[in-house]
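To start, the structure itself, in structure tokens.
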Amino acid sequence: MPTYAKQTLKSLRVRSGYSQDQAAELLGITAMTLRKLEKDSTDITFDMMNKTSKLYVCPIDYIFFGNTNAFSVILDKEKHCV
Numbered sequence: 008m009p010t011y012a013k014q015t016l017k018s019l020r021v022r023s024g025y026s027q028d029q030a031a032e033l034l035g036i037t038a039m040t041l042r043k044l045e046k047d048s049t050d051i052t053f054d055m056m057n058k059t060s061k062l063y064v065c066p067i068d069y070i071f072f073g074n075t076n077a078f079s080v081i082l083d084k085e086k087h088c089v
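Residue numbers (the working numbering): 8 to 89.
Below is the structure:
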């Protein structure tokens, strides 16, 4: 997984106002698992990608694949993402 995915996960969490413990609880995982995903999300499941996308109100394409086109459309409309 490219470096921007791990930077995006942490930055979206912080900008959403969640601590690691809070975000982990909302995602249904342990804080340790979230820390690992924020450092290296290569083993993330599609289900967890969906949960993360919904929690941070940001498209999966942007979070995990760096699709700035999808991100730009959402950002312009809703101003939720990074």
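Glycine included, each C-beta is placed from N, C-alpha and C at the ideal position.
Assigned secondary structure, residue i (DSSP; H/G/I helix, E/B strand, else coil)
i	result
valine 64	coil
serine 48	coil
serine 26	coil
isoleucine 36	coil
Of the listed residues the options, nearest to residue i (C-alpha basis)
i	options	result
asparagine 57	Ala38, Phe71, Thr49	Phe71
serine 60	Gln29, Gln27, Leu34	Leu34
Residue i to residue j span [Cα, whole Å]
i	j	result
tyrosine 25	glutamate 45	13 Å
phenylalanine 53	valine 64	16 Å
glutamine 27	glycine 73	22 Å
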